[in-house]
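Engineer:
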Amino acid sequence: MAARPVCQRNISNPAPKSALASAGRPTGRKDGLVAGNFGAGLEIFVNPDTIRADIEKSFTYKEAVMGIFTKTTEFLKDRLGKTRSKISSSLSSVLSLARDIDEELLDRLEETLISDDIGVETTEKLISDLRNAYRSRQIATTDDIIPFLKEDLKSYWPARDRRLRLADTGPTVILVAGVNGSGKTTSIAKLAYILSRNNKSVILAACDTFRAAATEQLTIWAERIGVEIVKHKAGSDPAAVAFDACQAATARNTDFLILDTGGRLHTQKDLMRQLTKIRDVVSRKIPDAPNEVLLVLDATTGQNAIAQARLFAEAIDVTGIFLAKLDGTARGGIVIAIKDQLDIPVKFVGLGEKTQDIAEFNPDTFVEALFN
Ligand SMILES: Nc1nc2c(ncn2[C@@H]2O[C@H](COP(=O)(O)OP(=O)(O)OP(=O)(O)O)[C@@H](O)[C@H]2O)c(=O)[nH]1
Ligand SMILES: [Mg+2]
1 MAARPVCQRN
11 ISNPAPKSAL
21 ASAGRPTGRK
31 DGLVAGNFGA
41 GLEIFVNPDT
51 IRADIEKSFT
61 YKEAVMGIFT
71 KTTEFLKDRL
81 GKTRSKISSS
91 LSSVLSLARD
101 IDEELLDRLE
111 ETLISDDIGV
121 ETTEKLISDL
131 RNAYRSRQIA
141 TTDDIIPFLK
151 EDLKSYWPAR
161 DRRLRLADTG
171 PTVILVAGVN
181 GSGKTTSIAK
191 LAYILSRNNK
201 SVILAACDTF
211 RAAATEQLTI
221 WAERIGVEIV
231 KHKAGSDPAA
241 VAFDACQAAT
251 ARNTDFLILD
261 TGGRLHTQKD
271 LMRQLTKIRD
281 VVSRKIPDAP
291 NEVLLVLDAT
301 TGQNAIAQAR
311 LFAEAIDVTG
321 IFLAKLDGTA
331 RGGIVIAIKD
341 QLDIPVKFVG
351 LGEKTQDIAE
361 FNPDTFVEAL
371 FN
């Protein structure tokens, strides 16, 4: 069996933070141990160094979890090749014709950025910033334009939480949703692969019982990756699968439970009803779960992906987007349009069909990879 990291216990066992919080009011010391008053006359002696070390480990753990999805700019450049060549060729064709920065050039740049799927609102903001920078002599020539756009774009994503939300105690539950074919099952396999290769225990739940092949597909991934799967017969109640999976994850102190869901039902209403039913079962079984509701969007569908996100967000509290298939499209600018139009952070991007082809979304690396 693979060695478990020392910090493992912080997700499986009661959080050290809450231990310290409940030990809250120190009531005395004995042999170097601090006594905490737990109320009702109950006093427990704990070693403060152990608690402190535990807390430090828990922070390290949380940071380590996101670090494992990091990819280099070179990797992203390679996978975003289609978008990159579209953006760079359209920008260079506009810039190569211009000698000075003037209103005509700014108009042409605006058209180009919109056609690169960057979104109307963001483009207008970029152009206005560019105009102000020119007027204030922050930039002087057309050579300054791309470096300026890059820096301006990077600042466009606020430092809001793009990290995976982790449970303080017990399993971290990730509910994965999205329309059929968007890339849910493959994206789940990618998450499970990276997590399990980093010594986190993972259980997958096959809640897409509508299509028999869906459970089969997830089973194959689970076997390949070497993680457990909870599944029922085709046609059974997806909420019952979720129930059993929560039970298994809690009983086994699993680090992550990831639930795959159906993307197609008789009607859109049925689909949303099923999703909220699964979510309700999960939150009844595990406090604060699901910690993350990840919506998988297919980047190749452009604006349609944004319309889908709105529908899902109306039905369920979507906490993050997994933007799949960014490698297969020249429409990578959609990440910027998503920022424009939705109040949901892109947390992960899918960059190929293999389990390793996943990266956490990092604006700096992304912008560097998009603009040469
Ligand atoms: N190039 C590329 N292909 C991807 C990526 N993610 C998924 N795919 C492919 O997209 C297709 C659909 O992926 P699935 O994971 O089956 O999608 P799903 O949302 O689970 O589909 P349903 O279960 O039918 O709702 C498969 O052929 C995947 O290999 C990606 O990041 N890049
Ligand atoms: Mg699927």
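Going by my numbering, the first residue of the sequence shown is number 1, and it counts up by one from there.
All C-beta atoms in this analysis are idealised placements derived from N, C-alpha and C, irrespective of residue type, glycine included.
Does V227 come out as helix, strand or coil in the three-state DSSP assignment?
Structural biologist: Mapped onto the sequence shown, residue 227 falls at position 227. It is coil, neither helix nor strand.
Engineer: Tell me D298's beta-bridge partners as DSSP assigns them.
Structural biologist: As a first step, residue 298 must be located in the sequence shown, where it is residue number 298. Beta-bridge pairing links D298 to A324.
Engineer: Decide if the stretch 218–230 is in contact with the stretch 283–291; the criterion is three or more beta carbon pairs, one per stretch, under 8 Å apart.
Structural biologist: Verdict: no, contact absent.
Engineer: Going straight from the alpha carbon of A98 to that of T142, what length do you get?
Structural biologist: For this step, residue 98 is matched to residue 98 along the sequence shown. For this step, residue 142 is matched to residue 142 along the sequence shown. Distance between the alpha carbons of A98 and T142: 7 Å.
Engineer: Only counting the same chain, and skipping five residues up and downstream in sequence, which positions put a Cβ closer than 6 Å to that of F322?
Structural biologist: The sequence position of residue 322 within the sequence shown is 322, counting from 1. Cβ neighbours of F322 beyond the five flanking positions: S187, L294, V296 and F348.
Engineer: Beta carbon of K86, beta carbon of A330: below 8 Å?
Structural biologist: Along the sequence shown, one-based indexing puts residue 86 at 86. Along the sequence shown, one-based indexing puts residue 330 at 330. Yes, these two residues count as a Cβ contact at 8 Å.
Engineer: Could you spell out the range, first to last residue, of the alpha helix (DSSP H) harbouring L130?
Structural biologist: Here residue 130 corresponds to residue number 130 of the sequence shown, with the count starting at 1. Its alpha helix (DSSP H) spans residues V120 to R135.
Engineer: Please check the pair E74 and D340, which I expect to be a contact at CB under 8 Å, by giving their CB distance rounded to whole angstroms.
Structural biologist: The residue given as residue 74 occupies position 74 in the sequence shown. The residue given as residue 340 occupies position 340 in the sequence shown. Going by Cβ atoms, the distance from E74 to D340 rounds to 27 Å, so no, they are not a contact pair.
Engineer: For the candidate residues L105, A248, T185 and S93, whose alpha-carbon lies nearest to that of E216?
Structural biologist: Here residue 216 refers to the residue found at position 216 when the sequence shown is read from its first residue. The shortest Cα separation from E216 among L105, A248, T185 and S93 belongs to T185.
Engineer: Nearest-angstrom Cα distance between V367 and D100?
Structural biologist: Residue mapping note: residue 367 aligns to position 367 of the sequence shown, counting from 1. Residue mapping note: residue 100 aligns to position 100 of the sequence shown, counting from 1. Their Cα atoms are separated by approximately 25 Å.
Engineer: Between the alpha carbons of A213 and T112, how many angstroms are there, rounded?
Structural biologist: As a first step, residue 213 is located in the sequence shown; it is residue number 213 there, counting from the start. As a first step, residue 112 is located in the sequence shown; it is residue number 112 there, counting from the start. Spanning the two alpha carbons is a distance of roughly 43 Å.
Engineer: Based on Cα-Cα distance, which residue from V281, F243, T300 and R252 lies nearest to G183?
Structural biologist: Numbered from 1 along the sequence shown, position 183 holds the residue referred to as residue 183. Looking at the Cα atoms, T300 is the closest of the given residues.
Engineer: Per DSSP, which residues does V202 bridge with? Please list them.
Structural biologist: Indexing the sequence shown from 1 puts residue 202 at position 202. In DSSP, V202 forms a bridge with F256.
Engineer: Count the other CB atoms, across all protein chains shown, that sit within 10 Å of the CB of E314; report buried if there are 16 or more and exposed otherwise.
Structural biologist: Here residue 314 corresponds to residue number 314 of the sequence shown, with the count starting at 1. E314 comes out exposed.
Engineer: Using the beta-carbon count (16 or more within 10 Å), is D298 buried or exposed?
Structural biologist: Here residue 298 refers to the residue found at position 298 of the sequence shown. Result: buried.
Engineer: DSSP puts V293 in a beta bridge; with which residues?
Structural biologist: Here residue 293 refers to the residue found at position 293 when the sequence shown is read from its first residue. DSSP, once it has assigned bridges, lists L175 as partnering V293.
Engineer: For the 8 Å Cβ check, are there 3 or more pairs between the stretch 345–362 and the stretch 145–165?
Structural biologist: yes
Engineer: What residue does the beta strand (DSSP E) around G350 start on, and which one ends it?
Structural biologist: Position 350 of the sequence shown, counted from the start, is the residue given in the question as residue 350. Start and end: V346 to G350.
Engineer: Distance, Cα to Cα, D237 vs S201?
Structural biologist: For the purposes of this step, residue 237 is taken as the residue at position 237 of the sequence shown. For the purposes of this step, residue 201 is taken as the residue at position 201 of the sequence shown. Approximately 25 Å between the Cα atoms of the pair.
Engineer: Hey, quick one: how far does the beta strand (DSSP E) through I358 stretch, first residue to last?
Structural biologist: Stepping through the sequence shown from its first residue, residue 358 is reached at position 358. Segment I358 to E360, the beta strand (DSSP E) holding I358.
Engineer: Below 7 Å CB to CB, which residues in the same chain sit around F148 once its five sequence neighbours on both sides are set aside?
Structural biologist: The count along the sequence shown starts at 1 and reaches residue 148 at position 148. Closer than 7 Å at the Cβ level, and outside the excluded window around F148, lie L130, A133 and I139.
Engineer: For a test of your reading of the model: does the CB of T355 fall under 7 Å from any non-hydrogen atom of ligand 2? Yes or no.
Structural biologist: Translated into the one-based positions of the sequence shown, residue 355 becomes position 355. For ligand 2, not one heavy atom lies less than 7 Å from the Cβ of T355.
Engineer: Using a Cβ-Cβ cutoff of less than 6 Å, which residues in the same chain neighbour R79 once the five nearest sequence positions on both sides are dropped?
Structural biologist: Numbered from 1 along the sequence shown, position 79 holds the residue referred to as residue 79. Cβ neighbours of R79 within its own chain (closer than 6 Å, five residues either side excluded): D327 and L351.
Engineer: Determine the burial state of T267: buried for a count of at least 16 other Cβ atoms within 10 Å of its Cβ, exposed for fewer.
Structural biologist: To locate residue 267, count along the sequence shown from 1; it is residue 267. Exposed, by the Cβ-count rule.
Engineer: Cutting at 7 Å between CB atoms, please list the residues of its own chain near G178, excluding the five before and the five after it.
Structural biologist: Along the sequence shown, read from residue 1 onward, the residue named residue 178 stands at position 178. Excluding positions up to five away in sequence, the list reads K184, G263, L295, V296 and L297.
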